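A.B. asks: In my numbering, the protein residues as written are 3 to 125.
We treat Cβ as the ideally placed atom computed from N, Cα and C, and that holds for glycine.
Every value quoted in this text rests on a predicted model; they were computed, and no experiment measured them.
Here it is: the structure, laid out below.
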Amino acid sequence: MPDPANDRRRFHRIATDKPVTVSSNGEQHTGVVLDVSLRGMLFTANDGWLPAPGTAIEARIAIDGDVHGINMSGTVAHVEQDNIGLLCTSIDVDSATTLKRMVELNLGDHALLERDLIELVHD
């Protein structure tokens with residue numbers, strides 16, 4: 003099983019302030035993404051919601067309003083203060099493409115992106 007602490011070192015994280023909507027156990031919460039990577043995201047919920055580690059979550063990060071977004075499923079890896087770390091366990095092809103492009107644009111170095119993709123495949 004991947005170690006979330008190692009993932010922080012192996013995957014480049016992109017700082018952002020994109021809105022996110024998360025669903026878990028029949029509840030829906032809105033929040034703000036603090037950073038995102040090919041392996042997951044760190045976000046805070048607007049209503050102070052703090053799920054327990056291991057909680058399953060469906061998330062949608064809004065990129066261009068409701069037109070484009072990143073949909074991912076995952077589990078809560080950690081909760082620290084008001085921040086929730088989501089470990090991505092599933093992402094659809096369109097969302098992965100959007101996230102890949104976002105990471106590529108922010109890194110400015112295609113070689114760094116390729117390294118992240120290789121790490122992701124080998125997990």
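#1: Looking at the unbroken beta strand (DSSP E) that takes in N73, where does it start and where does it end?
#2: Drop a sphere of 10 angstroms on the beta-carbon of A79, count the other beta-carbons inside from all chains shown, and report buried for 16 or more, exposed for fewer.
#3: Taking the alpha carbon of G50 as the point to measure from, which residue in S25, D84, V34, M43 has its own alpha carbon closest?
#4: Assuming G42 contacts L107 (C-beta within less than 8 angstroms), just tell me the rounded distance between them.
#5: Please classify A61 as buried or exposed, where buried requires at least 16 other C-beta atoms within 10 Å of its C-beta.
#6: Near M104, what residues of its chain come up, given a Cβ to Cβ distance below 7 angstroms and the 5 sequence neighbours on each side ignored?
#7: Tell me whether A54 sits in a helix, a strand or coil according to DSSP, three-state version.
#8: Roughly how many whole angstroms lie between the Cα atoms of G56 and V69?
C.D. replies: Based on what the coordinates show:
#1: 71 to 82
#2: With at least 16 other beta carbons inside 10 angstroms of its own, A79 counts as buried.
#3: D84
#4: With a Cβ gap of about 19 angstroms, G42 and L107 do not count as contacting.
#5: buried
#6: I16
#7: coil
#8: 30 angstroms
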